[in-house]
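Visitor: My numbering applies: residue 18 is where the sequence shown begins, and numbers increase by one. Positions of the beta carbon are idealized from the N, C-alpha and C atoms, including for glycine.
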Amino acid sequence: MARLIIWGAGTLGRLVGAQWHGTVIGYTQSDKRHAALQAAGIQPRIGDPSDEITAADYLLLALPGHQRQLTAVQILLANGVTAARAVVISSTGYFGQQSGRVTPHTPPGKTDRAQAIAQMERTFAHWAGANGVILRPGGLYNAERGPFQAFLRKQQLPDRPLDRTLALVHYADVATAVIQALRHPNPSPAYNIVTPPCPTRRTFYHACADHIGKTFSALAAESQTNSLVEYDVALLRQHLLPHPAYPDWQAIFGTPLC
Numbered sequence: 018m019a020r021l022i023i024w025g026a027g028t029l030g031r032l033v034g035a036q037w038h039g040t041v042i043g044y045t046q047s048d049k050r051h052a053a054l055q056a057a058g059i060q061p062r063i064g065d066p067s068d069e070i071t072a073a074d075y076l077l078l079a080l081p082g083h084q085r086q087l088t089a090v091q092i093l094l095a096n097g098v099t100a101a102r103a104v105v106i107s108s109t110g111y112f113g114q115q116s117g118r119v120t121p122h123t124p125p126g127k128t129d130r131a132q133a134i135a136q137m138e139r140t141f142a143h144w145a146g147a148n149g150v151i152l153r154p155g156g157l158y159n160a161e162r163g164p165f166q167a168f169l170r171k172q173q174l175p176d177r178p179l180d181r182t183l184a185l186v187h188y189a190d191v192a193t194a195v196i197q198a199l200r201h202p203n204p205s206p207a208y209n210i211v212t213p214p215c216p217t218r219r220t221f222y223h224a225c226a227d228h229i230g231k232t233f234s235a236l237a238a239e240s241q242t243n244s245l246v247e248y249d250v251a252l253l254r255q256h257l258l259p260h261p262a263y264p265d266w267q268a269i270f271g272t273p274l275c
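Spelled out as structure tokens, the structure:
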């Protein structure tokens, strides 16, 4: 199989690289994760891979945050880099504060963050063209990372609306979707990477509080349902992830390490 280059080889990149049948080179900002990458069969590097990527390579852009992703794509564009297939990790934050049904084709939200994510996606699409695939995962989790682990550390509720939908997806399922997006002969330009049904933050943090035996008065207020989001994952199920390994978000309380 062709060579895979991962720019931003963190938790997700390591999982993807471990499943790739061929040479994998993982670029990071420091050598902190290099031992784990080597254990997964990934050749670690530090810095910018734009001088190494060839037109025959496959590329995963998984840098932390949409601003770093944008900067990476701008570098690729400025240097005239091309790839056989490129996948970029975006975010459901693209949809902003919209409610109701959102499909991969729904326009971006109007918040500053949503517009910034949309700018990154437009720049990526301009650079990658038909060889590019945009994946928009919700909140990623496994046994070590995610909103439940953040709650355990802080022992407090986030300062965010409790009756908004909380999009969740396991790292392992996103890694599977990435592999299939890299391999698919005719992928869609964009996919929502979420595992419905999604809880509201109120439902989620109720479950978190129950799990550790605590109560929070803010969770007792009556729920509002006028800001719920339904993520359309039909294309995801058809093309990339027909059967998620973690179909129930409550796996967040006891998912095995990955």
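For Glu138, which three-state DSSP category applies?
Guide: Walking along the sequence shown from the start, residue 138 turns up at place 121. Glu138 falls in the helix class under three-state DSSP.
Visitor: So, with DSSP's three-state summary, where would you put Ile70?
Guide: Within the sequence shown, numbered from 1, the residue matching residue 70 stands at position 53. Ile70: coil per DSSP, three-state reduction.
Visitor: Is the segment 154-171 touching the segment 119-136 in the sense that three or more CB pairs, one from each, lie closer than 8 angstroms?
Guide: No: the two stretches stay apart, fewer than three of their Cβ pairs being nearer than 8 angstroms.
Visitor: Can you tell me which of the three DSSP states Gln173 falls into?
Guide: As a first step, residue 173 is located in the sequence shown; it is residue number 156 there, counting from the start. In the structure shown, Gln173 sits in coil (DSSP, three-state: anything other than H, G, I, E or B).
Visitor: Figure out for me which residue from Ile70, Val250, Ser47 and His143 has the closest Cα to the Cα of Gln91.
Guide: Translated into positions along the sequence shown, residue 91 becomes position 74. Checking every option, the nearest Cα to that of Gln91 belongs to His143.
Visitor: From Phe165 to Gly156, what distance separates their C-alpha atoms?
Guide: In the sequence shown, counting from the first residue as 1, residue 165 sits at position 148. In the sequence shown, counting from the first residue as 1, residue 156 sits at position 139. One C-alpha to the other measures close to 11 angstroms.
Visitor: Quick one: using the 10 Å Cβ neighbour count with 16 as the cut-off for buried, is Leu274 buried or exposed?
Guide: Taking the sequence shown and counting its residues from 1, the one referred to as residue 274 is at position 257. Only weak support exists for where Leu274 lies, its pLDDT of 40 falling under 50; the value from the coordinates is given anyway. So Leu274 counts as exposed.
Visitor: Excluding the five sequence neighbours on either side, which residues of its own chain have a C-beta within less than 7 angstroms of the C-beta of Arg118, listed in chain order?
Guide: Taking the first residue of the sequence shown as position 1, residue 118 is located at position 101. Excluding positions up to five away in sequence, the list reads Glu247 and Asp249.
Visitor: For the beta strand (DSSP E) holding Leu245, just list the boundary residues, first then last.
Guide: Numbered from 1 along the sequence shown, position 228 holds the residue referred to as residue 245. Element bounds for Leu245: n/a, residue is neither H nor E.
Visitor: For the beta strand (DSSP E) containing Thr45, name the first residue and the last one.
Guide: Position 28 of the sequence shown, counting from 1, holds the residue named residue 45. It spans Val41 to Thr45 - the beta strand (DSSP E) in which Thr45 sits, taken as one unbroken run.
Visitor: Out of curiosity, what's the CA-to-CA distance linking Leu174 and Gly43?
Guide: As a first step, residue 174 must be located in the sequence shown, where it is residue number 157. As a first step, residue 43 must be located in the sequence shown, where it is residue number 26. The straight-line gap from Cα to Cα measures roughly 35 angstroms.
Visitor: Quick one: measure Cβ to Cβ for Pro66 and Gly25, integer angstroms, because I've assumed they're closer than 8 angstroms.
Guide: As a position in the sequence shown, residue 66 is number 49, starting the count at 1. As a position in the sequence shown, residue 25 is number 8, starting the count at 1. Their Cβ separation, rounded to whole angstroms, is 10 angstroms, which puts Pro66 and Gly25 out of contact at 8 angstroms.
Visitor: Are the beta-carbon atoms belonging to Ala100 and Ala145 less than 9 angstroms from one another?
Guide: Here the question's residue 100 lines up with position 83 in the sequence shown. Here the question's residue 145 lines up with position 128 in the sequence shown. Result yes, Cβ atoms of Ala100 and Ala145 sit closer than 9 angstroms.
Visitor: Is the CB-CB distance between Val33 and Ala192 below 9 angstroms?
Guide: Here residue 33 is taken as the residue at index 16 of the sequence shown, counted from 1. Here residue 192 is taken as the residue at index 175 of the sequence shown, counted from 1. In this structure, Ala192 lies closer than 9 angstroms to Val33 by Cβ.
Visitor: Scan the segment 160-207 and note each continuous alpha helix (DSSP H) run of 4 residues or more that stays entirely inside, going in chain order.
Guide: Here the runs fully enclosed are 164-171 and 188-200.
Visitor: Can you say whether Asn203 is buried or exposed, counting buried as having 16 or more other CB atoms within 10 angstroms of its CB?
Guide: Within the sequence shown, numbered from 1, the residue matching residue 203 stands at position 186. Its Cβ having fewer than 16 others within 10 Å, Asn203 is exposed.
Visitor: Is the Cβ-Cβ distance between Arg153 and Asn209 less than 9 angstroms?
Guide: Working through the sequence shown from its first residue, we reach residue 153 at position 136. Working through the sequence shown from its first residue, we reach residue 209 at position 192. Closer than 9 angstroms, so yes.
Visitor: Are Leu199 and Trp37 touching if we call contact CB-CB under 9 angstroms?
Guide: Locating residue 199 in the sequence shown gives position 182, counting from the first residue. Locating residue 37 in the sequence shown gives position 20, counting from the first residue. Going by C-beta atoms, Leu199 is nearer than 9 angstroms to Trp37.
Visitor: For the beta strand (DSSP E) that contains Leu54, what are its first and last residues?
Guide: What you label residue 54 is simply residue 37 of the sequence shown in a count that begins at 1. It is not in any beta strand (DSSP E) - Leu54 instead sits in the alpha helix (DSSP H) that spans His51 to Ala56.
Visitor: Which residue spans inside the segment 92-161 form an unbroken beta strand (DSSP E) run of at least 3?
Guide: For the segment 92-161, whole beta strand (DSSP E) runs of length 3 or above, ordered along the chain, are 102-106, 117-119, 149-154 and 156-158.
Visitor: Straight-line CA distance for Pro264 to Gln132?
Guide: If you number the sequence shown from 1, residue 264 lands on position 247. If you number the sequence shown from 1, residue 132 lands on position 115. Between Pro264 and Gln132, the C-alpha separation is close to 30 angstroms.
Visitor: If you run the structure through DSSP and keep just helix, strand and coil, what is Cys275?
Guide: Position 258 of the sequence shown, counted from the first residue, corresponds to residue 275. Residue placement at Cys275 is poorly supported in this model, since its pLDDT is 41, which falls under 50; the coordinates still yield a value, given next. Correct three-state label for Cys275: coil.
Visitor: Quick check: the Cα distance between Thr272 and Ala160, rounded to an integer number of angstroms?
Guide: To locate residue 272, count along the sequence shown from 1; it is residue 255. To locate residue 160, count along the sequence shown from 1; it is residue 143. Confidence at Thr272 is low in this model, with a pLDDT of 49, below 50, so the placement of that residue should be treated as unreliable; the coordinate-derived value is given next. So the two alpha carbons sit approximately 6 angstroms from each other.
Visitor: Whose C-beta lies closer than 7 angstroms to the C-beta of His260 among residues of the same chain, with five residues either side of it excluded?
Guide: Stepping through the sequence shown from its first residue, residue 260 is reached at position 243. So the list is empty, once near-sequence residues are dropped.
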